[in-house]
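Engineer: In our numbering, the protein residues as written are 11 to 306.
Note that CB positions come from ideal geometry on N, CA and C, so glycine has one too.
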């Protein structure tokens, strides 16, 4: 059995695919897990030159983007020829005995790049959350006048660090009734009266940490098309009010989450305004879920 799990840091991923196809033709069982979008583009984050999700554009746009793209590991590649890249991945995918994705939205992106691959052949299997234990009572949000916004995880630029930094600046510069607490780390971030950074955490202790910090609601600031997002799953497991941008697996799940809200635009000022409205709805509603699904 040959399992292709993640080739993002390899210096010649296409040679690995060719090797795997050879093993398949010799009788090996071939399985592929879609943890990222390397099968779509060498820039596996699908973040274009404008710093946002590219939406799988025409390959002429890809040819313009790739030489200047800042995605990790691109410099290792022997070639950034997009037609050759797609052809190699298409041949590999058609040879696979199993292709496993972790969200339906991932299948949509894969199919947009490889229409020859029947989406019905891709098995959607969300990651296991058994490590979190049985369901718990929903988090009791803090209903004060100040919106305390939790950002959970190790927040890189792709995970929305610039959004969080700009939100903190807006809060400080305009005296807005909010502050942000990052449970984890924030790339390029410095603590301030509007922004606290707590450092590493473990998922089971999140509810206690949130209560201790007086958190009202949480934001997942990721600007990339996530294939799953453990942080989203953990916050939903604990019943924490959660806002996400309208992209990828988090939006797919939060759209049906009774304590969720979709932010209408990937923009710091818009996000902050809609988070403040979300906080007001939480504060003023006796039945939390009745207020949460209103708005963008």
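(1) Under the DSSP definition of a beta bridge, which residues are partnered with residue 42?
(2) Indicate the three-state DSSP secondary structure (helix, strand or coil) for residue 230 in the structure shown.
(3) Fully enclosed by the region 231-291, which beta strand (DSSP E) runs are 3 residues long or longer?
(4) At a cut-off of 7 angstroms, is residue 205 close to the ligand ZN when judged by its beta-carbon and the heavy atoms of the ligand?
(5) Assign residue 153 to one of three DSSP states: helix, strand, or coil.
(6) Would a C-beta distance cut-off of 8 angstroms place residue 175 and residue 181 closer than the cut-off?
(7) Using the beta-carbon count (16 or more within 10 Å), is residue 97 buried or exposed?
(8) Quick one: Cα of residue 302 to Cα of residue 162, how far?
(9) Report the residue from 290, 37 and 245 whose alpha carbon sits nearest the alpha carbon of residue 139.
(10) Look at residue 196 and residue 171 and say whether their C-beta atoms are less than 8 angstroms apart.
(11) In whole angstroms, what separates the C-alpha of residue 150 from that of residue 141?
(12) Which word fits residue 169, buried or exposed, when buried means at least 16 other C-beta atoms lie within 10 angstroms of its C-beta?
(13) Could you check what DSSP says for residue 196 in three-state terms: helix, strand or coil?
(14) Taking DSSP as the reference, what is the three-state secondary structure of residue 86?
(15) If distances are taken between C-alpha atoms only, which option among 131, 177, 45 and 268 comes closest to residue 236?
(16) Is it buried or exposed, residue 275, if we count other Cβ atoms within 10 angstroms and call 16 or more buried?
(17) Who are the near neighbours of residue 108 in its chain, counting only those whose CB is closer than 6 angstroms to its CB and skipping five residues on each side?
(18) Taking the alpha carbon of residue 66 as the point to measure from, which residue in 214, 36 and 49 has its own alpha carbon closest?
(19) My output table needs one value for residue 160: the three-state DSSP class, helix, strand or coil.
(20) Can you give me the C-alpha to C-alpha distance between residue 271 and residue 30, rounded to a whole angstrom?
(21) Whether or not the region 217-231 and the region 115-124 are in contact is what I'm after, with contact meaning three or more pairs of Cβ atoms, one per stretch, closer than 8 angstroms; do they touch?
(22) Just verifying my parser: in three-state terms, what is the DSSP assignment at residue 300?
(23) Report yes if the CB atom of residue 250 is closer than 8 angstroms to the CB atom of residue 228, and no otherwise.
(24) Are residue 177 and residue 261 closer than 8 angstroms when you measure CB to CB?
(25) If you draw a straight line from the C-alpha of residue 209 to the C-alpha of residue 159, how long is it?
(26) Starting from the Cα of residue 183, find the closest Cα among 193, 202, 233 and 113 and give me that residue.
Structural biologist: Inspection of the coordinates gives the following:
(1) Looking at the DSSP output, residue 42 bridges to 14 and 109.
(2) Of the three classes helix, strand and coil, the one that applies to residue 230 here is strand, per DSSP.
(3) 252-255 and 270-273
(4) The ligand content of the structure shown is nil, which means the ligand ZN is not present either.
(5) Correct three-state label for residue 153: coil.
(6) no
(7) exposed
(8) Interpretation of residue 302 is limited by its pLDDT of 44, a score under 50 that renders its predicted location unreliable; the figure taken from the coordinates is listed afterwards. Residue 302 and residue 162 have their alpha carbons spaced roughly 20 angstroms apart.
(9) For residue 139, the nearest C-alpha among the options comes from 245.
(10) yes
(11) 22 angstroms
(12) Buried, because 16 or more other Cβ atoms sit within 10 Å of the Cβ of residue 169.
(13) strand
(14) helix
(15) Of 131, 177, 45 and 268, the residue nearest in Cα terms is 45.
(16) Result: exposed.
(17) 41
(18) 49
(19) Assignment of residue 160 by DSSP, reduced to helix, strand and coil, places it in the strand class.
(20) Straight-line Cα distance between these residues: approximately 42 angstroms.
(21) no
(22) Caution is warranted here: a pLDDT of 37 is assigned to residue 300, below 50, making its placement in the model unreliable, and the coordinate value is therefore given only provisionally. In the structure shown, residue 300 sits in a helix (DSSP, three-state: H, G or I).
(23) Taking 8 angstroms as the cut-off, the Cβ atoms of residue 250 and residue 228 count as close.
(24) In this structure, residue 177 keeps its C-beta atom at 8 angstroms or more from the C-beta atom of residue 261.
(25) Each residue's Cα considered, the two are about 16 angstroms apart.
(26) 202
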